[in-house]
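Enquirer:
Numbering (this note's numbering), first residue to last: 794 to 1110.
1) Based on the DSSP secondary-structure assignment, which residues constitute the bridge partners of residue 1090?
2) If residue 946 and residue 910 are in contact, beta carbons under 8 Å, what's the gap, nearest whole angstrom?
3) On the DSSP bridge assignment, give the partners of residue 1018 in chain order.
4) For the alpha helix (DSSP H) that contains residue 1067, what are its first and last residues?
5) Who are the near neighbours of residue 847 in its chain, counting only those whose CB is closer than 6 Å to its CB and skipping five residues on each side?
6) With DSSP as the reference, identify every bridge partner of residue 973, one or two as the case may be.
7) For a test of the three-state rule: what should DSSP assign to residue 1122, helix, strand or coil?
8) Find out if the Cβ-Cβ distance for the pair residue 980, residue 928 is shorter than 9 Å.
9) Does the region 914-922 come within contact of the region 967-977, defined as at least 3 CB pairs closer than 8 Å?
10) Residue 1027: which of 1046, 1040, 1047 and 991 sits nearest, CA to CA?
11) Using C-beta distances below 6 Å, list every residue in its chain close to residue 1054, excluding the 5 sequence neighbours before and after it, in chain order.
12) Please report the distance separating the alpha-carbon of residue 800 from that of residue 806.
13) Can you list, in chain order, the residues of its chain with a C-beta nearer than 7 Å to that of residue 887? Leave out the 5 residues immediately preceding and following it.
14) Using 10 angstroms around the beta-carbon of residue 1090, count the other beta-carbons present and answer buried if the total reaches 16, otherwise exposed.
15) Residue 1077 to residue 1066, Cα distance in whole Å?
16) State buried or exposed for residue 941, treating a residue as buried only when at least 16 other CB atoms are found within 10 Å of its CB.
17) May I ask you to report which of helix, strand or coil DSSP gives residue 923?
18) Would the beta-carbon of residue 1111 fall within 9 Å of that of residue 1056?
19) Locate the alpha helix (DSSP H) running through residue 1048, then write down its first and last residues.
20) Measure the alpha-carbon distance for residue 1183 versus residue 903 and round it to whole angstroms.
21) Span of the alpha helix (DSSP H) holding residue 802?
22) So residue 1096 and residue 804 are in contact, right, with Cβ under 8 Å, and what is the actual spacing, rounded?
23) Quick check: residue 937 and residue 997, are their CB atoms within less than 9 Å of each other?
24) Considering only residues of the same chain and omitting the five flanking positions on each side of residue 1071, which have a CB-CB separation below 7 Å?
25) Over the uninterrupted alpha helix (DSSP H) stretch that includes residue 1082, give me the two end residues.
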C-alpha cells in the first residue's frame, strides 16, 4: 500500500537532533551562515530564497520568518517555468520540495496549500505530456520529478513510474565500473560534457533513492543487481575530481570542469556520503562544502552532512 511520511521529502524529523549533535563542527556553522545569508539577501533569485527560507523554518522549528517564507513560496509557485526543458524540470523539482516543506506553515491555510498543490500537479502533468526530449539526462530528470511529485502529492502512478525508471537504470544502464552507459556515450542532443551527464544522471538516481527512503520507507539504496547499486554510480565520478588523465569519455577534460559541475549539481554528494561514509568522497566534500543545490535538495550540507549514529553494541559485539 502506498503510504507517504510527509515532512522534508529528502529527510525526516530526526534531522534536527542530528544537527544539534554536530552543531560545533566548522562546516556545519558555515552552512548555517550561508543558508541564512541566502534567505536574507534580496539579490538571491526568488526560487533560491524561497527554498532557503523554507529550510530554515523546518530545520530550526522556530517560526521566526513564517510570513516571509510563505510570501516567497507563493511568489515562486506562481512564476512561469523556464523555457528550457531541463531547467523547467529542475524548477518543478525545487517547487515540489518547497511544497512539502511549507505543508504546515501557519501562514498558508490548508485550503491555499491545496490550491498550490493542484497547480503544481497541473504543471508537472503538462510538462510530462508535452515533453518531446530524447536527451537521456533530461528524461531521467523528468522521471525523478515524477517520483518526487508522486510522494509530495500522493500520486501513486507517478511514484511507480519514477521507481520503474530507477530500477531500469540500475539493472540495465549502470555498468559495474560505475558509469551510466546512456549518460556518458556520445550525445549530440546534449550541451553537456560526458562527465557532466554522468554527474547529473547520478544526481537523479540519488535523489530518487533518498526521497523514497525518507518519505516512503522504500530502500532503493540497496536495490542491487550483481552487487551494482546507486552507490556504484555515486563513487564513479569522485575519482576524476582532482585528475582527469584516465577519463576516456571526453577529450582534453580539465579538472576545473569536473569541479564546477560538482559545485553546481552536488547536493546528492551529502546524501550519498551519509550512506556510504567513504574516505574518498569525504575528501571531495571538504573542497565543495557548504553545498547549495536548489533542485537537488537545497543546503544538503545541513540536511545530510553528518554521519549516522553508531549502532549500539551488546555484550557480544
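Where a beta carbon is used, it is the ideal one built from N, C-alpha and C, also for glycine.
Expert: With the structure as the only source:
1) Residue pairing by DSSP places residue 1090 opposite no residue, since no beta bridge is assigned to it.
2) Right, their Cβ atoms sit about 6 Å apart.
3) Beta-bridge pairing by DSSP links residue 1018 to 1021.
4) Where residue 1067 is concerned, the enclosing alpha helix (DSSP H) starts and stops at 1060-1069.
5) Apart from sequence neighbours up to five positions away, the residues of its chain that approach residue 847 with a beta-carbon distance below 6 Å are 862, 891, 894 and 895, ordered along the chain.
6) 967, per the DSSP bridge assignment.
7) Outside the shown range of the chain (794 to 1110) lies residue 1122, about which nothing can therefore be said.
8) Yes; because the gap between Cβ atoms is below 9 Å, this pair is in contact.
9) No: the two stretches stay apart, fewer than three of their Cβ pairs being nearer than 8 Å.
10) Selection 1046, 1040, 1047 and 991 evaluated against residue 1027 yields 991 as nearest (Cα-Cα).
11) The answer, listed in chain order, is 989 and 992.
12) Their Cα atoms are separated by approximately 7 Å.
13) For residue 887, where only same-chain residues beyond five positions count, the Cβ hits under 7 Å are 840, 844, 1087 and 1088.
14) By the 16-neighbour rule on beta-carbons within 10 angstroms, residue 1090 is buried.
15) Note on geometry: alpha-carbon atoms of residue 1077 and residue 1066 lie some 10 Å from one another.
16) Buried, by the Cβ-count rule.
17) DSSP places residue 923 in helix when its eight states are reduced to three.
18) Outside the displayed range of the chain (794 to 1110) lies residue 1111, so it cannot be described from this structure.
19) Taken as a continuous stretch (DSSP letters only), the alpha helix (DSSP H) holding residue 1048 covers 1048-1057.
20) The chain is shown only over 794 to 1110; residue 1183 falls outside these bounds and no answer can be derived.
21) No alpha helix (DSSP H) contains residue 802, which DSSP labels as neither H nor E.
22) Contact flag correct, Cβ pair sits at about 5 Å.
23) In this structure, residue 997 lies closer than 9 Å to residue 937 by Cβ.
24) The answer, listed in chain order, is 1028.
25) Neither: residue 1082 is in no alpha helix (DSSP H) and is coded neither H nor E.
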